[in-house]
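Residue numbers (this note's numbering): 1 to 161.
Glycine residues also receive a C-beta, built at the ideal position from the N, C-alpha and C atoms.
Report on one structure; see the data block that follows.
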Amino acid sequence: MKTVVCPGSFDPVTNGHLDIIERAAALFDKVIVVVMVNASKTPLFTTEQRVDMLRRSTAHLENVTVDSYDGLLAAYARQQGATVIVKGLRALSDFEYEFQMALTNRQLNEELETVFLTATDDKMYLSSSLVKQVAAYGEDVSKFVPACILQDITEKFGKDG
Ligand code: ADP
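Put into structure tokens, the structure is as follows:
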């Protein structure tokens, strides 16, 4: 039984994240999507809201669960018995940071491998910050996020911007 973790901020979850989660769920037995509570970032949505949006967005995936964690990913993975971290790689710009993180996580937990799934071409431009920028101006973000979280976004920014 191979358990993997898919970490991120998910502030909010986008179709790009969902694509990686769905592909991880097809490759591995159990996928734990974990909202990492990062003290250096000020998220728009609370941890509970991000977990809730992810749960609704992944409800169709039987082997996916959603959690949150305030601490180091290497420690969380060990605690969950997960030996693989699955991450999406969008472009060269993601590479340096992700490479550094993967090497650090291996130092902290030598059983931990990081697997990168290349972003799907029509979703590789997507990011949570792009969604927030577009939504802040009252524009439609339905092409970028799962339909079940659209209302959470409009409520956060107020109707029609
Ligand atoms: P961001 O980098 O937008 O703040 P997260 O930290 O929530 O997003 O990202 C979690 C994971 O999802 C990371 O591995 C990131 O590379 C991946 N990811 C984010 N957006 C996409 C996308 N559009 N396509 C593929 N992977 C993505």
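Distance cut-off 8 Å: residue i Cβ against heavy atoms of the ligand ADP
i: D52; result: no
i: D70; result: no
i: M124; result: yes
i: T14; result: yes
i: L89; result: yes
i: P146; result: no
i: T120; result: yes
i: D67; result: no
i: E62; result: no
i: K94; result: A quick correction: the sequence has Asp, not Lys, at residue 94. Checking the Cβ of D94 against the ligand ADP gives yes.
i: E110; result: no
i: I20; result: yes
i: S142; result: no
i: E98; result: yes
i: F10; result: yes
Residue i vs residue j beta-carbon contact at 9 Å
i: S57; j: V35; result: no
i: S128; j: V31; result: no
i: N63; j: I85; result: no
i: K41; j: D11; result: yes
i: K123; j: L44; result: no
i: V5; j: Y97; result: no
i: S65; j: V33; result: Note on residue identity: the sequence assigns Thr, not Ser, to residue 65. Against a cut-off of 9 Å, the Cβ pair of V33 and T65 comes out as a contact.
i: A91; j: L61; result: no
One or two residues paired with residue i in a DSSP bridge
i: G88; result: L117
i: M36; result: Y69
i: T154; result: Answer by DSSP bridge pairing: none, since T154 is not bridged.
i: V51; result: According to DSSP, which records beta bridges pairwise, V51 is partnered with nothing at all.
i: T46; result: Its beta-bridge partners do not exist; DSSP assigns none.
i: K30; result: T3
Cα-Cα separation between residue i and residue j, rounded to whole angstroms
i: I149; j: G81; result: 30 Å
i: G88; j: Q107; result: 21 Å
i: T154; j: K143; result: 14 Å
i: G158; j: V51; result: 21 Å
i: K2; j: Y137; result: 43 Å
i: A74; j: L54; result: 21 Å
i: T83; j: A39; result: 25 Å
i: V145; j: A59; result: 15 Å
i: A135; j: D152; result: 11 Å
i: R163; j: T114; result: There is simply no residue 163 to check, as the chain begins at 1 and stops at 161 in what is shown.
Integer Cβ distance of residue i from residue j, believed to fall under 8 Å
i: I20; j: L117; result: 5 Å
i: N15; j: L126; result: 6 Å
Check: residue i C-beta below 8 Å from any heavy atom of the ligand SAH
i: S57; result: Of the ligands this structure carries, namely the ligand ADP, none is the ligand SAH.
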